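S.K.: A single structure is presented below for examination.
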Amino acid sequence: MKSFLFIFIFGLFFSLHAGVEESVTTMMANNSQKVTSILKDKGISKTKQDVELIKLVDPLFDFKLMGTLCLGKATYTALNEDQKAKFHTVFNKKIKNSYTGKLHLYTDEKLEFEKAKIVKDKRMILQSYLITKTEKKSVVYKFYEADDKRWLIYDVDIFGVSIVQTYRNQFAAALKTKSFEQFLSELNTDAI
Amino acid sequence: MRLVFLFLIVVNLSLFAADADDFNDEFVELKREPFDPLSGYNRVVTNFNDYVFMHILDPYLFKGYEYVAPEVVRSSIKSFFDNLKFPVTFVNNLLQLKFQRAWIDVERFGVNSTVGLFGFFDPATTWLGLSKSNEDFGQTLGYYGVGGGFPIALPFLGQYNLRDLAGGLIDTAADPVYYQDYRQYNLSDNMYESWGIIAYKNFNEASLRANEYKEFRKDALDLYPFIRDAYEQNREMLIKE
């Protein structure tokens, strides 16, 4: 009886967490299909496609957290509320444009998902592969569990290159030589 | 029995306890610039490469080439050269003790060279699910703990670091595209032909990645450090794979 109960509780414990991994994987696979159908819809303009794409990806990402991480804790906490608000507005626009731009690159390619894995407390990674005609490229989505129990993306490693880490390095380097306002104005335009 | 419950409760709590502020630990803090003694030269070369790409290759040469060789043709040509790289990936898989991957390389080469018509097609991936290795001597050195050294940008060829540049030179000993006097198998009859083929191979591959480059460069606030950083992160992932 004891061993039966033990197995039951242990099984329940793991199946509960396995369920979360399963649902995140399914959600992303479904989302990927929706993205592909928007990208393949020749009946709507690119601008309209972008609006639809952002509607789809917006609830999956925590862009505010991404922005905070890109700036780094020390820099972010030193900003006043007005600067923080301006930064998030500019960063959100930049990151959304960047992400939808990349989605447009891979209209005919397939994204294959492995099952998501919980890697530590409130963190999950989802390994996927972009299958092009000649390559299989790694794309890793990093999720965290928000206070409202939703799993949100806070970083994506595209071919091993972390969006957050890359922006973080660039922001840190820019802020060494520029004022915050100058930096923000550069971020707001296509810098190169 | 109580112990079992206690154990489960403790495991549960420790796994799912709220921990709000450890995201920053997952990312590296850029406290000082990475060791980059050639940064001045690298910056000039990167800007030169970018200029050539954006003002000559992309608007003129790639456009013309895409007109005569549609994507399906260019992908086949890339597959042909990828297949010829078999000795390089095979040896490096062996050197990294990835024996299963090395055997898959043998299978892929056998299938693609025959059924895949000299490698122009890749039935090993599409029919048999045998995916391609991406191994080189730079990664082998990395696998054994050799650091990247300092970054080096090369005109027309792009970003490298010292380890990967040295690794790439060593790989030419096994790569049939690079003419070697002492070797039985060579794609060309002499060194000059070999350089022509290499230039064409790189041009063909770059044409396939043109849109990718144009899109990714938009993320740069400052192009050279952006490319250097992305290169190092990508190579790190390939070494870990």
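Read top to bottom, the protein sequences are chains A and B.
Quick note on our numbering: the first sequence kicks off at 99 and runs consecutively.
Quick note on our numbering: the second sequence kicks off at 9 and runs consecutively.
Note that CB positions come from ideal geometry on N, CA and C, so glycine has one too.
What you are looking at is a predicted structure, and each value in this text was computed from that prediction instead of being measured.
May I ask you to report which of helix, strand or coil DSSP gives Tyr-242/A?
M.R.: The answer is strand: DSSP assigns Tyr-242/A an E or B state.
S.K.: Could you give the uninterrupted runs of the beta strand (DSSP E) lying entirely in the stretch 188–252 of chain A, keeping only those of 3 residues or more?
M.R.: Counting only runs of 3 or more, we get 208–211, 215–218, 221–229 and 234–243.
S.K.: If we count Cβ pairs, one from each stretch, closer than 8 Å, do we get three or more for the stretch 85–98 of chain B versus the stretch 128–142 of chain B?
M.R.: Touching, yes, given that three or more Cβ pairs across the two stretches are closer than 8 Å.
S.K.: Please check the pair Asn-212/B and Arg-82/B, which I expect to be a contact at CB under 8 Å, by giving their CB distance rounded to whole angstroms.
M.R.: That pair is a contact at about 6 Å.
S.K.: Let me know the secondary structure DSSP gives Glu-154/B once reduced to three states.
M.R.: Residue 154/B is actually Val in this sequence, not Glu. It is coil, neither helix nor strand.
S.K.: Report the start-end ranges of each alpha helix (DSSP H) in the stretch 78–165 of chain B that is 4 residues or longer and not cut off at the edges.
M.R.: For the stretch 78–165 of chain B, whole alpha helix (DSSP H) runs of length 4 or above, ordered along the chain, are 79–92, 94–103, 107–122, 131–134 and 145–151.
S.K.: Going by alpha carbons, who is nearest to Phe-88/B out of Lys-209/B, Asn-194/B, Leu-173/B and Arg-243/B?
M.R.: With distances taken between Cα atoms, Phe-88/B lies closest to Lys-209/B.
S.K.: At the 9 Å Cβ level, is Thr-148/B part of the contact set with chain A, yes or no?
M.R.: Chain A contact via Cβ: absent.
S.K.: Within a Cβ cutoff of 6 Å, which residues of the same chain sit near Thr-187/A, ignoring the five residues on either side of it in sequence?
M.R.: If we look at Thr-187/A and ignore the five residues flanking it on each side, it has no Cβ neighbours.
S.K.: With a CB to CB cut of under 8 Å and the five nearest residues on each side skipped, what residues in its chain are close to Asn-101/B?
M.R.: Closer than 8 Å at the Cβ level, and outside the excluded window around Asn-101/B, lie Phe-107, Arg-109, Ala-110, Asp-113, Ser-141 and Glu-143.
S.K.: Secondary structure at Ser-260/A, three-state DSSP: helix, strand or coil?
M.R.: Three-state DSSP puts Ser-260/A in a strand.
S.K.: State the Cα-Cα distance for the pair Lys-240/A and Asp-255/A, rounded to the nearest angstrom.
M.R.: Distance between the alpha carbons of Lys-240/A and Asp-255/A: 8 Å.
S.K.: Quick check on the DSSP output: the alpha helix (DSSP H) that includes Gly-72/B runs from which residue to which?
M.R.: It spans 71–76 - the alpha helix (DSSP H) in which Gly-72/B sits, taken as one unbroken run.
S.K.: Please state the DSSP three-state secondary structure of Asn-169/B.
M.R.: DSSP places Asn-169/B in strand when its eight states are reduced to three.
S.K.: Between Phe-233/B and chain A, is the shortest Cβ-Cβ distance under 9 Å, so that the two count as touching?
M.R.: The question names Phe, yet the displayed sequence has Pro at residue 233/B. Chain A, which has a Cβ nearer than 9 Å to the Cβ of Pro-233/B, makes this yes.
S.K.: Among the candidates Asn-120/B, Thr-134/B and Trp-135/B, whose CA atom is the shortest distance from the CA of Phe-6/B?
M.R.: Given a span of 9 to 249 for chain B in the structure shown, any question on residue 6/B remains unanswerable.
S.K.: Compare the C-alpha of Thr-54/B against each of Ile-247/B, Phe-117/B, Arg-225/B and Thr-122/B and name the closest.
M.R.: Checked all of Ile-247/B, Phe-117/B, Arg-225/B and Thr-122/B; the closest Cα to Thr-54/B is Arg-225/B.
S.K.: Comparing alpha-carbon positions, which option in Asp-148/A, Glu-179/A, Pro-157/A and Lys-192/A lies nearest Asp-246/A?
M.R.: Considering only alpha carbons, the answer is Pro-157/A.
S.K.: Of the residues Val-237/A, Phe-185/A, His-202/A and Leu-209/A, which one's Cα is nearest the Cα of Gln-131/A?
M.R.: Comparing Cα positions, the closest option is Leu-209/A.
S.K.: Does any residue of chain B have a CB that is nearer than 9 Å to the CB of Tyr-265/A?
M.R.: So yes, Tyr-265/A belongs to the interface.
S.K.: Along the stretch 127–147 of chain B, what residues have a CB closer than 9 Å to any CB found in chain A?
M.R.: Per Cβ criterion, the list reads Asp-130, Thr-133, Ser-139, Lys-140 and Asn-142.
S.K.: What residues in the stretch 241–263 of chain A bring their beta carbon closer than 9 Å to a beta carbon of chain B?
M.R.: For the stretch 241–263 of chain A, which is checked against every Cβ of chain B, the residues closer than 9 Å are Tyr-242, Glu-243, Asp-245, Tyr-252, Asp-253, Asp-255, Ile-256, Phe-257, Gly-258, Val-259, Ser-260, Ile-261, Val-262 and Gln-263.
S.K.: If we count Cβ pairs, one from each stretch, closer than 8 Å, do we get three or more for the stretch 233–242 of chain B versus the stretch 265–279 of chain A?
M.R.: Counting Cβ pairs under 8 Å, three or more are found: they touch.
S.K.: Would you list the residues sitting across from Asp-255/A in a DSSP beta bridge?
M.R.: Answer by DSSP bridge pairing, in chain order: Val-238/A and Ser-260/A.
S.K.: Shorter than 9 Å from the beta carbon of Arg-243/B to some beta carbon of chain A?
M.R.: It does: the Cβ of Arg-243/B has a partner Cβ on chain A nearer than 9 Å.
S.K.: For Phe-159/A, which beta-bridge partners are listed by DSSP?
M.R.: Ile-251/A.
S.K.: If contact is defined by three or more beta carbon pairs under 8 Å, each pair taking one atom from either stretch, is the stretch 183–196 of chain B in contact with the stretch 215–235 of chain A?
M.R.: Too few Cβ pairs lie closer than 8 Å, so no.
S.K.: 9 Å is my cut-off, CB to CB: does Gln-268/A come that close to chain B?
M.R.: Interface residue, yes.
S.K.: Between the Cα of Lys-200/A and the Cα atoms of Ile-251/A, Leu-137/A and Lys-274/A, which residue gives the shortest distance?
M.R.: If we check each option's Cα against that of Lys-200/A, Leu-137/A comes out closest.
S.K.: Short of 6 Å in beta carbon distance, which residues of its chain neighbour Cys-168/A, apart from the five on each side in sequence? Order them along the chain.
M.R.: Answer for Cys-168/A: Val-262, Tyr-265, Arg-266 and Phe-269, listed in chain order.
S.K.: Closest Cβ-Cβ distance between Leu-154/A and chain B: below 9 Å?
M.R.: Closer than 9 Å: no.
S.K.: What residue from Trp-135/B, Ser-47/B and Leu-162/B has the CA that sits closest to Asn-57/B's CA?
M.R.: Closest by alpha carbon: Leu-162/B.
S.K.: Rounded C-beta distance between Ile-247/B and Tyr-151/B? I'm assuming under 8 Å.
M.R.: That pair is a contact at about 6 Å.
S.K.: Going straight from the alpha carbon of Asn-178/A to that of Tyr-252/A, what length do you get?
M.R.: Computed Cα separation, rounded: 23 Å.
S.K.: Do you know offhand how far Ser-196/A's Cα is from Leu-105/B's?
M.R.: Near 39 Å, if we compare the C-alpha coordinates of Leu-105/B and Ser-196/A.
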